[in-house]
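Just so you know, we're using our numbering here: the sequence shown kicks off at 371 and counts up by one.
Here's the structure, in structure tokens; my notes come after.
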Amino acid sequence: MGKKSLIFVALALVLLIGGAAAVYMYDSGRDDLIAEGVTAAGVDVGGLTAGQARAKLQSEVAAPLERPVVVRRGGKRFKLSAEDAGIRTDVGGMVDAAV
């Protein structure tokens, strides 16, 4: 192996290692963000932290589902809560799946 070949190989290794380090540093800085384009229960949570996604899902998905439903039939009024209906919203599970 000639001197030029050795220099070329060394330079290629330095560039490869440097590139890998740059990609790693960029990616590790985004560990706490949910990837762009991710949705949970139809709500866009891409680019948010887990805490932000949890708050958004709580207000846009869980809160409306927890409101009771009122039904009127034959002059009678029935109120059905989410708990009585067996409706549960796992916001934490949705966020875990999104991350």
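Note that CB positions come from ideal geometry on N, CA and C, so glycine has one too.
- Just checking my contact of VAL461 with ARG424 at CB under 8 Å: how many whole Å lie between their CB atoms? For the purposes of this step, residue 461 is taken as residue 91 along the sequence shown, with counting starting at 1. For the purposes of this step, residue 424 is taken as residue 54 along the sequence shown, with counting starting at 1. Right, their Cβ atoms sit about 6 Å apart.
- Item | Host beta strand (DSSP E) of ARG443 (start-end) | Within the sequence shown, residue 443 is the residue found at index 73, counting from 1. Taken as a continuous stretch (DSSP letters only), the beta strand (DSSP E) holding ARG443 covers 439-443.
- Does DSSP classify ARG424 as helix, strand or coil? Taking the first residue of the sequence shown as 1, we reach residue 424 at position 54. Helix at ARG424.
- Message: Using 8 Å for Cβ pairs, my map puts VAL431 next to VAL408. What's the rounded Cβ distance?
- Response: Counting from one through the sequence shown, the residue named residue 431 turns up at place 61. Counting from one through the sequence shown, the residue named residue 408 turns up at place 38. With a Cβ gap of about 14 Å, VAL431 and VAL408 do not count as contacting.
- Report all residues from its chain with a CB closer than 6 Å to the CB of VAL415; omit the five preceding and five following residues, and keep chain order. Stepping through the sequence shown from its first residue, residue 415 is reached at position 45. Apart from sequence neighbours up to five positions away, the residues of its chain that approach VAL415 with a beta-carbon distance below 6 Å are ILE404, VAL408, ALA423 and ALA468, ordered along the chain.
- Query: So the beta strand (DSSP E) LEU450 belongs to, where does it begin and stop?
  - Reply: In the sequence shown, the residue the question calls residue 450 occupies position 80. It spans 446-450 - the beta strand (DSSP E) in which LEU450 sits, taken as one unbroken run.
- Message: Is ARG424 near the ligand ZN - that is, is its Cβ less than 7 Å away from at least one heavy atom of it?
- Response: Ligands are entirely absent from the displayed structure, and the ligand ZN is therefore not among its contents.
- Inter-residue spacing [alpha-carbon to alpha-carbon] between ALA411 and ASP402: Taking the first residue of the sequence shown as 1, we reach residue 411 at position 41. Taking the first residue of the sequence shown as 1, we reach residue 402 at position 32. Rounded to the nearest whole angstrom, the CA to CA distance from ALA411 to ASP402 is 20 Å.
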